[in-house]
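Have a look at the structure below, then the notes.
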Amino acid sequence: MPTVSMTVNGKSVSGEVPANTLLVEFLRETLGLTGTHVGCDTSQCGACVVHVDGKAAKSCTRLAVQCEGAEVATIEGLANGADLHPMQEAFRENHGLQCGFCTPGMIMAAVDIANRHGGKVDEETIRHELDGNICRCTGYHNIVTAIAAGAAAMGK
Ligand code: FES
Ligand code: FES
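Quick note on numbering: the sequence shown equals residues -13 to 142 in the numbering used here.
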């Protein structure tokens, strides 16, 4: 079995995994980082979104071995100790979740949206960008509000 090494949430990690291991499986099963969720088997739901080399990526769509040497960030790495990341705080403040299953992927996608579009990202852009993230509970209204607020807070 190949050994794969990468940096996850700032720590060097490695593991021996079958070559067909998905990044999401490596994160959840090898590293125990179960905040990244699996909500489909069709690459549609976005519950598995993480950052790979600073960009949002569906971790069910790439193999762990393809991420050899990459910098990966998951929802577990977002907070600074007891201090929530501004986007996490915005979801909490604006009730941008119900069951929470989609939330880690939504927040990782949201941080990427804010990184690319800045603090004044408009509602239409947010809704367009969320095309790859499905929420079955909230109706999206509060998620969009949360992302706008989180992006503004990140821009400060
Ligand atoms: S698990 Fe649904 S898109 Fe990755
Ligand atoms: S909060 Fe339940 S799926 Fe989004």
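No residue lacks a Cβ here, since even glycine has one placed at the ideal position from N, Cα and C.
Between residue i and residue j, what straight-line distance do the alpha-carbon atoms span, to the nearest angstrom?
i      : j    : result
P(-12) : E109 : 44 Å
V107   : C123 : 24 Å
G25    : G63  : 21 Å
A43    : D69  : 25 Å
D117   : C31  : 9 Å
E11    : G125 : 29 Å
V51    : A96  : 26 Å
I99    : P72  : 13 Å
H103   : I61  : 20 Å
V(-10) : N101 : 28 Å
Within 10 Å of its beta-carbon, does residue i have 16 or more other beta-carbons around it, so buried, or fewer, so exposed?
i     : result
E115  : buried
S(-2) : exposed
Can you give me the start and stop residues for the beta strand (DSSP E) that residue i sits inside?
i     : result
H37   : 35 to 38
M(-8) : -11 to -6
G91   : Per DSSP, G91 belongs to no beta strand (DSSP E); it is in the alpha helix (DSSP H), 89 to 103.
A59   : 57 to 59
G1    : -3 to 2
A5    : Looking at the DSSP string, A5 is not in any beta strand (DSSP E), and its letter there is neither H nor E.
A42   : 41 to 44
First and last residue of the alpha helix (DSSP H) that includes residue i?
i    : result
V130 : 127 to 141
E110 : 109 to 115
E75  : 72 to 79
Would you please state the rounded distance, in angstroms, between the beta carbons of residue i and residue j? I believe it to be under 8 Å.
i     : j   : result
T(-7) : E54 : Actually they do not touch by this definition, with Cβ atoms about 11 Å apart.
Inter-stretch contact (C-beta, 8 Å, three-pair minimum) for the segment 119 to 136 and the segment 70 to 81:
yes
Do the segment 35 to 51 and the segment 80 to 94 meet, that is, are 3 or more Cβ pairs less than 8 Å apart?
yes
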